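Report on the structure given below.
Protein chains in written order, with this note's numbering: chain Y, 893 to 1202; chain C, 893 to 1202.
Here you go:
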């Protein structure tokens, strides 16, 4: 649970978006919130290990954020600053935060993004292909030399619109992280267990299914694991929780002595715990304040939820 | 896990409905399916301990069902056969079985039902107040002498229409079993954890929240436990799964040496497992065929879903 778990973590590469989000939350509107899958994942991963980001930002992206990431040991050399505006997403959440609708998406500098890995990124051992166009995910993967673990995220937009490229990408990754609706859509089957088997036949040896406040499931060839969500009383903003979950999992695994069944299961609980803090603040505000002491205490509580002989 | 767990189980009293269900299922229509909360709960409980039923049926109710219950050790002396037709419910399930709508409800003999406990029922130590009018639940409770555990179920209809009587009933029970939507409605709060605290303030010392294929949660003063649903590939009919869950829990607890935290947690896993079999057949067809060997094997699988150091 501490960063002393292993003297030298495996280098972790994260590709994804860095963005401004305009959020209509039950607690009110929040504008120009720094977000993006790579930002959330890197902040989460940096609780365990320094990560390297590949992403693009516009001229309007705050230097403060890059400074914050740097202070957490995140390598931002692969963050390209392009002419124009940063990627922007606007969404509105339901009163119970259980669903949201996209109000607006402005690709801006993301439209022409071709990820280019700095030379020292290429030997990264663990790679998180955050939710971006599967072609870009493949381009990142092609620039790596010999990663030992590649995990991909994706979304409904690519599943429906870029299925062929997505399947090509899936054939090259070790694990996929999706939510239950994305899984059903990808497998074209409403039954989660059957859908999981179908997706495991597409390439990934391991599948993580996010189910919001109903927790997450891990499917592999040998079995299934269930990680409950930490029951929160003070949800503020679920934006980035899934990216936080994935980033924390890979940060944890980059420190694990062995990436075996037990490590994956523990990683899911860590991911669920770190994600629960993310949801307690708008944007990454609660996440960046998270200490190892608070994380360890909540992780113990989550373990308690799974303990039969209490 | 076996009926040898304890030489003499606590007597378990179940009050609820016995019914005919007309089901529109994705697999087709099924008419005159024997159902009702008491039927499902008693079949499930009888895996562990003989139960006693208080209910009413009409002249059209099949003697076969009472014979089947009797052969499982269920005491049906408290099942009143009244003039007229048995209670009937008709419902239609969505293609993914995740939701259903009521098409028709015919109370029939249930309209004038006043539960009357046979004398030897009055000393029952464990009481399951199945989902019926809270006034009837109170009448049953008033006829018992000194139960050591009283568990109630209810539904949205009573929460909205009979709130005052329901609250009176809640003040007299040890535990409540509801689904997540009923909990939210009862507490008037969309947040499950806060809602749970509110409901625990209404009387019950313990609250079990059913969340369908997302599992079940146990809330008490000291903590929370999460029981995942067994991931099925062959769901047929969720009718009665909640009653099966409750019946199996109380059957298991009636055999438990002590009804403590660990027993409740184990009971939830047992309930989830037995309920998973219920869903695999139309009506109680799969449930009545369930053997202890099959139950034990699936229960081990469910434990595996919770095991971190696999």
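By construction, the Cβ of each residue, glycine as well, lies at the ideal position given by its N, Cα and C atoms. None of the values given here were measured: they were computed from a predicted structure.
Opposing strand residues paired with residue 953 of chain Y [DSSP bridges]: Bridge partners of residue 953 of chain Y: none, in fact.
CB of residue 933 of chain C within 8 angstroms of CB of residue 962 of chain C, strictly: Going by C-beta atoms, residue 933 of chain C is not nearer than 8 angstroms to residue 962 of chain C.
Cα-Cα separation between residue 972 of chain C and residue 1178 of chain C, rounded to whole angstroms: A straight-line Cα-Cα distance of about 26 angstroms links residue 972 of chain C and residue 1178 of chain C.
Residue of C:954, C:919, C:914 minimising C-alpha distance to residue 1203 of chain C: Outside the modelled stretch of chain C, which goes from 893 to 1202, sits residue 1203 of chain C, for which no answer is possible.
Helix, strand or coil at residue 927 of chain C according to DSSP, with G and I counted as helix: DSSP places residue 927 of chain C in strand when its eight states are reduced to three.
Proximal residues to residue 1027 of chain C (C-beta, below 6 angstroms), its chain only, five neighbours per side dropped: Excluding residues within five positions, the ones whose Cβ falls inside 6 angstroms are 1057.
Every unbroken beta strand (DSSP E) inside the stretch 1090–1166 of chain C [3 residues or more]: The stretch 1090–1166 of chain C contains these whole beta strand (DSSP E) runs: 1098–1102, 1108–1112, 1116–1119.
For residue 982 of chain C, the nearest candidate out of C:1131, C:1167, C:1185 (CA to CA): Among C:1131, C:1167, C:1185, the Cα nearest to that of residue 982 of chain C is on C:1131.
Continuous alpha helix (DSSP H) stretch holding residue 1190 of chain C: start and end: If you look at residue 1190 of chain C, you'll find it in the alpha helix (DSSP H) that goes 1184–1197.
Cβ neighbours of residue 942 of chain Y in the same chain (closer than 7 angstroms, five flanking residues each side left out): Closer than 7 angstroms at the Cβ level, and outside the excluded window around residue 942 of chain Y, lie 965, 966, 967.
Exposed unless 16 or more other CB atoms sit within 10 angstroms - verdict on residue 988 of chain Y: That one is exposed.
Under 7 angstroms from the C-beta of residue 908 of chain Y: neighbouring residues of chain C: Those within 7 angstroms of residue 908 of chain Y in chain C number zero; the least Cβ separation is about 28 angstroms.
Sub-8 angstroms separation of residue 1065 of chain C and residue 1075 of chain C beta-carbons: Between residue 1065 of chain C and residue 1075 of chain C, the C-beta gap is not smaller than 8 angstroms, which leaves the two residues out of contact.
Residue closest to residue 1063 of chain C, alpha-carbon to alpha-carbon, out of C:1085, C:1011, C:958, C:1029: Checked all of C:1085, C:1011, C:958, C:1029; the closest Cα to residue 1063 of chain C is C:1029.
Enclosing alpha helix (DSSP H) for residue 1051 of chain Y [first to last residue]: That run of the alpha helix (DSSP H) goes 1048–1053.
Min CB distance residue 1200 of chain Y to chain C below 8 angstroms: With 8 angstroms as the cut-off, residue 1200 of chain Y counts as an interface residue toward chain C.
Any chain Y beta carbon closer than 8 angstroms to residue 1097 of chain C: Among the residues facing chain Y, residue 1097 of chain C is not included, as its CB has no counterpart in that chain under 8 angstroms away.
Contact set between residue 1125 of chain C and chain Y, taken where Cβ atoms lie within less than 7 angstroms: Within 7 angstroms Cβ-Cβ: 1083, 1085, 1086.
Under 8 angstroms between C-beta atoms of residue 1088 of chain C and residue 1022 of chain C: No, they are not a contact pair.
Rounded separation between residue 1153 of chain Y and residue 1052 of chain C - CA only: A straight-line Cα-Cα distance of about 47 angstroms links residue 1153 of chain Y and residue 1052 of chain C.
Residue 1102 of chain Y vs residue 1134 of chain Y beta-carbon contact at 8 angstroms: A Cβ-Cβ contact shorter than 8 angstroms links residue 1102 of chain Y with residue 1134 of chain Y.
Short CB-CB distance (under 8 angstroms) between residue 1118 of chain C and chain Y: With 8 angstroms as the cut-off, residue 1118 of chain C counts as an interface residue toward chain Y.
Of the listed residues Y:1008, Y:1193, Y:1013, Y:911, nearest to residue 1168 of chain Y (C-alpha basis): The shortest CA-to-CA distance from residue 1168 of chain Y to any of Y:1008, Y:1193, Y:1013, Y:911 is the one to Y:1193.
Own chain, CB closer than 7 angstroms to residue 1061 of chain Y, minus 5 neighbours either side, in chain order: Here the set comprises 1026, 1029, 1030, 1044.
Buried versus exposed call for residue 1049 of chain Y [16 or more other C-beta atoms within 10 Å across all chains shown]: By the beta-carbon neighbour count (other beta carbons within 10 angstroms, threshold 16), residue 1049 of chain Y is exposed.
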